Ligand code: SF4
Ligand code: SF4
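Residue numbers (my numbering): 104 to 605.
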């Protein structure tokens, strides 16, 4: 996928047309309006079925040159440096846009209805910062193009993470089940009009059944090509056991690699531990560096509980030092015998830890945008109405071939891979929980962040509040951190916009 920098358009507009140099002292030329934004953002990997970044809303447009336009009212703004401001229209589609003072004056002139007058106002209209007077500011969410499937290739694991939701056993998916699982995913993809499939090789610890991953990769390539489907693959690993041969395979096959790493350093309050209680973080950190030497940039998944919330900045610094994309997952209660209070951080602790992480990011503003998946299930790359594909475009297939709605529901299967269309069964099954549009969620439907947060994990909300249409239990944390995240994206754009094309 392309990087944000390569795709970064820069619009400079000079209404004066420029002045030739002469031997007199020229009249001062007013600075030109400048507008910067990023497109084609790369999305990080996590353990959920993310909203698809390629979905673009189609905002209502008028081609009539006499039509009148106005600025969107739902705009978030944050001052940056040197007079620049970050502007964010919560109805999309452009994400964060950085403007200088002159461009801001041009934008603010549209507080009253005006026709599109020049190249800058046309640019604002294209970015969705202006809308035709009277048009309904409502994004359209097309049908997802990718069917995502979690393949639970083993139920065994070499770690005993304190918050894990998998009831582990020394059982692996066999070859026949794996092939049937790929067939089922392809069948459901074709029947339901998807253009691509995405296989997430997971567990347990997926690398403990690497032989099956190799085999399923070859079979999935054949089947996807035979049925005209795109194929994306990622291995979700705890990073403990990654041999050079595995890493060469990951690189050469074009798969992605996601590694879970919640903390760094031997002194970390270990929540990802071996069966003898030893902290796995130092070994995993070495394997992240080993992956880098093999030409692989793993995506880091950092789960935040009350035990590491105060240290999350250290893990963020580790990722930034290596120019890795990462996701901060807020702990999701799985309801299988765990004591929720033992892991859930208080809002204040999460906000403080999140702010410390954002400060580290501000000190080392990365080239790559982090807003696609930095804060829990939010995604600021593209407006979306659901936080994930659970119940709609996602299959979770366990090592016996049983199919569930979400990996956290893996022990409550709904159908199996022999069903003619497992996805249809999943879509019809709403007894355990549903994944409603954010517009159906009470308390979310008028929130300015609704198309970027989409209400958070619906399963967590259901388990904590008893209702899937309630706000996320992490709502207050999101609302505290989202504005700061957008300001940082503005600073990042400002820092890197002048880069030469890579
Ligand atoms: S969970 Fe909170 S922040 Fe997210 S959309 Fe709902 S009200 Fe807004
Ligand atoms: S329901 Fe929650 S845990 Fe399951 S895929 Fe969606 S966001 Fe992830």
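Think of the CB as a built atom: it goes at the ideal place given N, C-alpha and C, for glycine as much as any other residue.
Predicted, not measured: the structure shown is a model, and the values here were computed from it.
Report whether the distance from the Cβ of residue i to the nearest heavy atom of ligand 2 is below 8 Å.
i	result
residue 501	no
residue 250	no
residue 167	no
residue 497	yes
residue 480	yes
residue 490	yes
residue 578	no
residue 323	no
residue 476	no
residue 311	no
residue 277	no
residue 436	no
residue 493	yes
residue 562	yes
residue 152	yes
Looking at ligand 1, does it come within less than 8 Å of residue i, judged from the CB to the closest heavy atom?
i	result
residue 559	yes
residue 429	no
residue 546	yes
residue 550	yes
residue 574	yes
residue 619	Only positions 104 to 605 of the chain appear in the structure, and residue 619 is not among them; the question remains open.
residue 227	no
residue 536	no
residue 556	yes
residue 290	no
residue 509	no
residue 244	no
residue 567	no
residue 191	no
residue 553	yes
residue 297	no
residue 485	no
residue 585	yes
residue 506	no
residue 541	yes
Looking at the secondary structure, which residues open and close the alpha helix (DSSP H) in which residue i lies?
i	result
residue 457	450-466
residue 334	No alpha helix (DSSP H) contains residue 334, which is instead part of the beta strand (DSSP E) from 333-340.
residue 97	Summary: the structure shown does not reach residue 97, with the chain confined to residues 104 through 605, and so no result is reported for it.
residue 349	347-356
residue 90	Because the chain here runs from 104 to 605, residue 90 falls outside it and cannot be looked at.
residue 290	278-294
residue 528	525-531
residue 445	Taken as a continuous stretch (DSSP letters only), residue 445 belongs to no alpha helix (DSSP H), as it is neither H nor E.
residue 565	561-568
Mind checking which residues open and close the beta strand (DSSP E) that includes residue i?
i	result
residue 137	137-140
residue 182	178-182
residue 359	359-363
residue 552	Note, residue 552: premise wrong, no beta strand (DSSP E); not H, not E.
residue 498	497-500
residue 304	299-305
residue 188	188-192
residue 173	172-174
residue 432	429-433
residue 506	505-507
Using 9 Å as the limit for Cβ to Cβ distance, is residue i near chain C?
i	result
residue 374	Any reference to chain C falls outside this structure, which holds one protein chain only.
Does the segment 588-600 touch the segment 201-208, meaning 3 or more C-beta pairs lie closer than 8 Å?
-> yes
Kindly confirm or deny that the segment 331-340 and the segment 279-286 touch, where touching means at least three C-beta pairs closer than 8 Å.
-> no
Say whether the segment 202-221 touches the segment 254-270, bearing in mind that this needs 3 or more beta-carbon pairs closer than 8 Å, one atom from each stretch.
-> no
At least 3 beta-carbon pairs within less than 8 Å: the segment 353-372 vs the segment 240-253 = no
At which residue ranges does the segment 200-240 contain complete alpha helix (DSSP H) runs of 4 or more residues, listed in the order of the chain?
-> 204-211, 222-229
Take every Cβ of the segment 271-281, pair it with every Cβ of the segment 477-488, and state whether three or more of those distances are shorter than 8 Å.
-> no
Counting Cβ pairs, one atom from each stretch, are 3 or more of them under 8 Å apart for the segment 414-433 and the segment 473-482?
-> yes
May I have a chain-ordered list of the alpha helix (DSSP H) segments no shorter than 4 residues that lie completely inside the segment 307-334?
-> 313-329
Please specify which runs of the alpha helix (DSSP H), each continuous and at least 4 residues long, are wholly inside the segment 367-425, giving them in chain order.
-> 384-396, 415-424
The segment 501-512 touching the segment 251-258, judged by at least three CB pairs closer than 8 Å = yes
Does the segment 172-183 touch the segment 227-238, meaning 3 or more C-beta pairs lie closer than 8 Å?
-> yes
Check whether the segment 359-379 touches the segment 409-421, taking contact to mean three or more Cβ pairs, one atom from each stretch, closer than 8 Å.
-> yes
Three or more beta-carbon pairs under 8 Å between the segment 523-531 and the segment 447-467, yes or no?
-> no
Quick check: the segment 571-586 against the segment 553-561, are there 3 or more CB pairs under 8 Å?
-> yes
Is the segment 325-334 touching the segment 291-307, taking contact as three or more C-beta pairs under 8 Å?
-> yes
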